[in-house]
Amino acid sequence: MLGTLGPEVRTIRRFVLTILLGGIGLAAGLIALAPQAKAVAGAGRAKSGNARLRELPQRSIVRARDGTILAVLHDEENRSEVSLKKVPEHTVRAVLDVEDARFYNHGGVDLRSTLRALVTNVSAGGVLEGGSTITQQLVKNNLLTPNREMGRKVKEAVLSWRLEDQMSKRQILEDYLNTVYFGNGAHGIQAAAETYFNKNAEDLTVADSAMLAGLIRNPVGYDPIAFPALGRVRRDQAVDRMVAEGDLTPKAAAAIKATALPTKASSPLPAPNDHFVEAVKQRLLQDRRLGETQQERYNAVFQGGLDIYTTLDPRLHELAKEKVDAILPDSDGRFTAAVATVEPSTGAVRALVGGRDFNTSEVNLALGREGGGTGRQPGSSFKTFVLVAALEDGFGPDDVVDGTSPCTITIPGHKPWQPENYEGEGGGVMSITDATAHSVNCAYGRIAAEVGLERVADVAKRMGITSPLEPLVPSMSLGSKEVSPLEMASAYSTLAADGIHHKPYFVEKILNRYGKVVFTERDRGERAISAQNARVAIDVLRAVVQRGTGVRAALAGRDVFGKTGTSENHGDAWFVGGTPQLVSAVWMGDPRRQTPMLNVGGIRVAGGTYPARIWGAFMGAALQNQPALRFPAPDPKLIPHGKSVLGADINASTTVPTGGTTTLLPPVTQPPLTVPSIPTVTFPPGFPYNGVQPGRGQPPPPNDGRPPGWPADWNWPDGSTRSR
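Here it is, written out as structure tokens:
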């Protein structure tokens, strides 16, 4: 007979049967589980014994030193918890009208709403309305597993009643709004406001709120971006519910229904696609202060809701990128530059340019091995460590050294070494200061042989070089071992900090999701070299900028020291230097190591060309409006003199005896020393030095690293740059 019944009768029978079975099942389940209710509901208690639910994954924020947001870090759940006070009342009303209109009238489970939803859904032949209260939804999303096991609904009801006893309605509502999923990766009302409307939750309009409230039941199926028509229908249904509950007038509802829906997901927050942010992230994942295990640290960084304040100065960071882009010549992407800037008094990393755009290459060239790539040969910029080793060995800046090239240098335990001066220059006998200013390889090779490679390596490590230098080889003294720009900036910062080394760091402090300090960085530094030797070394390195290979890095009116560096075959070019406030390292080269820089922008690239220009332009802009500080002077009474490093191939006309290391009279008694390899040149019109050799007059007032009237592409008469 059932087969002859009409569709209306069958619907009625199905409806009645569903209600009876559902009611009987619910009642039976509640009776059966009543003795266990207390134990089951105890799962809802927080760790501290209060009524709060378990902590949900929350994104972390990476900030610059001034609080500017640099990036957000999260895994699957993009969530940022907000207080209910920051959610507009009309947003709250929209959610309640759509999801649980009797929220303030039930104790966690609303049988009336459950039966009403059942009637509505049976009549419609599908799910149009849910019977779960907001409290039940919160329990389901926060306390229960997604497994559809028998009795799950009963557990949900029991826990909901218990939760209502433990928490206020406002607490439940706040947790619910921060828990619920709105689609497109947005968990919680704040992330939803950002994703769909590019705004904060506190700025949501009534129309925004109606659309979001409509998404809760089925955030994928009603997605207005993927399914505009369905999204509009659902939004309008939410508006109708608000009218029915008396929270909207028909006129206001009509206006909202006429508004457009979002067509794409967005966010006002930057993604973590930056070399500096990536460096911060990788360091935190290795920081045991955030957890003993890798998983604990991952959870803290990507789910812990941390507020991470970094050392980055946004103005300096943008200036560094700007100057690299402005000065680096077009090379069809073959060559790039990296910049690392450190505050010498603290070790704080203030700017970091890792090379090309992060989306093009995630390898951070400013960090070398730590950045996912390899280090780079520093060339003659490594000579600074040989210089400091010589000062520690009792040499003074005016002591003389043989720079004759070619040269054969013998170091015990190593094969005879035959370095040459840059561009085949002849060299000669000169002071250590002149050998530094003009970057004479044979002079520095002989100094390294005299003081010992072990001492040079020890000085480099004490000052901040962390890349492996072993096995020690003679060419290390001229920069054959690979290091990173950050290491070089850190090591030169030791000089600027009067011999105190501060390890470079990226994070100033971290707050947890409740605003409590997790840790702050407080590095008091460690004495690496004596203050006297640091000051003497700066005196010597000033000559590089004032009259040597690094004149393009000079800054008018500022105390600057530095050193150029060019690796063999022009594969890498550097300028590393500093002022009392900041120290920067600039590297330029081919990230793939495939192309030597023999003709870039019409010149052979050396440290004194583009790297020095980038350094000068960036540092000049970075220090604008900052006081022109000076480094402290060394004690002249403590400056040694009277030693020399001489080779067996000394020109007899110098009156200096040959045969290796020789103790001389004080330098004032010696005949004047010259550097014959640097020719007298004719300068461009307007050049104010009357034809004297570079370095034989006052330091040139710079204009982007060049004296006034000196064209950007000006070279020496023989066509070379004479830069190292």
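Each residue of the sequence shown is one higher than the last, beginning at 459 in our numbering. Glycine included, C-beta positions come from ideal geometry on N, C-alpha and C. Values in this document were obtained by computation on a predicted structure and should not be read as measured data.
Residue span of the beta strand (DSSP E) that contains residue i, given as start and end
i, result
"Asp856", "Unbroken run through Asp856: none, as it is neither H nor E."
"Glu966", "965-969"
"Asp1030", "1030-1036"
"Trp1045", "1041-1047"
"Phe793", "Segment: none, Phe793 is in no beta strand (DSSP E) and carries neither H nor E."
"Asp1203", "The structure shown does not extend to residue 1203, since the chain is modelled only from 459 through 1182, so no value can be given for it."
"Ile766", "765-768"
"Met888", "887-889"
"Val975", "975-978"
"Phe1019", "1019-1024"
"Lys1101", "1101-1103"
Between the CA atoms of residue j and residue i - distance to the nearest angstrom
i, j, result
"Arg1010", "Arg1071", "6 Å"
"Glu632", "Leu542", "5 Å"
"Gln595", "Tyr634", "8 Å"
"Thr593", "Ile647", "17 Å"
"Pro1146", "Ala995", "Note on Pro1146: pLDDT 29, under 50, position unreliable in the model; no value is reported."
"Gln752", "Phe1019", "42 Å"
"Gly1059", "Leu670", "56 Å"
"Ala485", "Ala712", "The predicted position of Ala485 is uncertain, since its pLDDT is 48 and thus under 50; a value taken from the coordinates is nonetheless stated next. So the alpha carbons of these two residues sit roughly 43 Å apart."
"Arg560", "Ser725", "34 Å"
"Ser935", "Val1041", "22 Å"
"Ser948", "Pro836", "14 Å"
"Ile423", "Gly922", "Residue numbering for the chain in the displayed model covers 459 to 1182; residue 423 lies beyond these limits and cannot be assessed."
"Ala907", "Val844", "10 Å"
"Gly799", "Arg693", "Residue identity differs from the one stated: residue 799 is Thr in this sequence, not Gly. If I take the Cα positions, the gap works out to 52 Å."
"Lys613", "Gln516", "26 Å"
"Ile538", "Asn636", "As written in the sequence, residue 538 is Ser, which differs from the Ile given in the question. If I take the Cα positions, the gap works out to 7 Å."
"Gly830", "Gly1047", "17 Å"
"Leu673", "Phe640", "6 Å"
With 16 other Cβ atoms within 10 Å as the buried cut-off, status of residue i
i, result
"Pro1259", "Lying outside 459 to 1182, the shown extent of the chain, residue 1259 is not represented and no answer is given."
"Asn1148", "A caution first: Asn1148 carries a pLDDT of 28, below 50, which makes its placement in the model unreliable, though a value can still be read off. Exposed."
"Val691", "exposed"
"Thr866", "exposed"
"Tyr972", "exposed"
"Pro1094", "exposed"
"Ala687", "exposed"
"Tyr562", "exposed"
"Asn817", "exposed"
"Ala954", "buried"
"Asp981", "exposed"
"Asp533", "exposed"
"Val678", "exposed"
"Ser626", "exposed"
"Ile527", "exposed"
Beta carbon proximity, residue i to chain B, threshold 8 Å
i, result
"Ile519", "Any reference to chain B falls outside this structure, which holds one protein chain only."
Residue i: CB within 7 Å of a non-hydrogen atom of the ligand PLP
i, result
"Trp1073", "With respect to the ligand PLP, the structure offers nothing, as it holds no ligand at all."
Boundaries (first-last residue) of the alpha helix (DSSP H) holding residue i
i, result
"Phe655", "647-655"
"Leu810", "It is not in any alpha helix (DSSP H) - Leu810 instead sits in the beta strand (DSSP E) that spans 807-811."
"Ala992", "989-1005"
"Arg692", "686-702"
"Ala522", "Careful: Ala522 lies outside any alpha helix (DSSP H) and carries neither H nor E."
"Tyr756", "752-761"
"Met1077", "1068-1080"
"Gly672", "664-673"
"Val553", "547-557"
"Arg620", "610-624"
"Pro772", "772-785"
Beta-carbon spacing of residue i, residue j below 8 Å
i, j, result
"Lys1101", "Phe853", "yes"
"Gly937", "His959", "no"
"Val1103", "Ile869", "no"
"Ala442", "Asn658", "What the structure shows of the chain is the stretch from 459 to 1182, and residue 442 is not part of that stretch, so it cannot be assessed."
"Asp956", "Pro787", "no"
"Asp851", "Val931", "no"
"Leu621", "Val638", "no"
"Val941", "Ser951", "no"
"Leu825", "Gly813", "no"
"Ala668", "Val697", "yes"
| request: Tell me, please, whether the region 1024-1035 touches the region 1053-1071 by the rule of three or more beta-carbon pairs shorter than 8 Å. | output: yes
| message | Under 8 Å, with one C-beta from each stretch per pair, do the region 911-919 and the region 887-901 reach the 3-pair mark? | response | no
| message | Could you check whether the region 514-523 touches the region 758-770, counting it as contact only if at least three pairs of C-beta atoms, one from each stretch, sit closer than 8 Å? | response | yes
| request: Give a yes or no on contact between the region 756-765 and the region 778-788, applying the rule of three or more CB pairs nearer than 8 Å. | output: no
| message | Does the structure place the region 876-892 close enough to the region 857-865 that three or more beta carbon pairs sit under 8 Å? | response | yes
| request: Report yes or no: do the region 997-1006 and the region 740-760 share at least 3 C-beta pairs separated by less than 8 Å? | output: no
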